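In our numbering, the protein residues as written are 36 to 248.
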């Protein structure tokens, strides 16, 4: 076993950064604990890999056969096992407040905010996520991409989501992504009209309301 104080820090850094050795592999090579390697890397001010990055590195170093074996094992472990309702709800909540980053949809979300509509991107409702939901008004906006509409599994999921929203008293507005440039104002007006019906009156920020002179 190599004494900790005699470890070659330069070699450790080289193997870790250039050869992409893991901390466990380094610990085995030098016959020390992983904590010793961790301390040496931190002392050398080396940025350690996070768990997800380490996983990517391990995957990159695998042979094709090793990758296929790992994927097969993962499939066999989950075969026939469906997510519990609780886990599905947790998964949906994890996606909430994470809007899509397309510029067009960003402008769309900004337009809602400017008129005082407090929407939630990827709003979680039970096991479902709504592209943009307005909890106070109970309005759900879904924006469908072209590939989305032609996928059989997606159609089935959408039907379940629509039934759930209907049962919970939500109003669903569905638009096609390619129609957004010409439909953006129409959708905004529609959401505002529904809000006005539920609350009565219009907001001073409403683009339909008369502007102060």
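Beta carbons are placed, not taken as given, at the ideal position from N, Cα and C, and that holds for glycine. On a predicted model such as this, the values are computed, not experimentally measured, just so you know.
Item	Value
Close beta carbons around residue 223, own chain, < 8 Å, minus the five adjacent residues each side	146, 147, 150, 242
Reduced DSSP category for residue 156 - H, G, I as helix; E, B as strand; rest coil	strand
Residue environment, residue 53, which counts as buried when at least 16 other CB atoms sit within 10 Å	exposed
DSSP bridge partner residues for residue 175 (one or two, in chain order)	168, 207
Any 3 or more C-beta pairs closer than 8 Å across the stretch 122 to 134 and the stretch 162 to 175	yes
Boundaries (first-last residue) of the alpha helix (DSSP H) holding residue 48	44 to 52
Distance, residue 61 Cα to residue 96 Cα	16 Å
Spatial neighbours of residue 229 in its chain, beta-carbon cut-off 8 Å, leaving aside the 5 residues before and after	172, 174, 206
Contact set for residue 50: own chain, Cβ-Cβ below 7 Å, skip 5 residues either direction	56, 61
Cutoff 8 Å; reference residue 73; Cβ partners in own chain excluding five residues on either side	58, 83
Distance between residue 203 and residue 177 (C-alpha atoms, nearest Å)	16 Å
Which of helix, strand or coil DSSP assigns to residue 229	helix
Exposure label - residue 47; buried when at least 16 CB within 10 Å	buried
8 Å CB neighbourhood of residue 201 in its chain, flanking five on each side removed	207
Of the residues 103, 108, 44, the one placed nearest residue 78, counting alpha carbons only	44
Among 81, 92, 105, 42, nearest to residue 68 - alpha-carbon criterion	42
In DSSP terms, what residue 163 is bridged to	160
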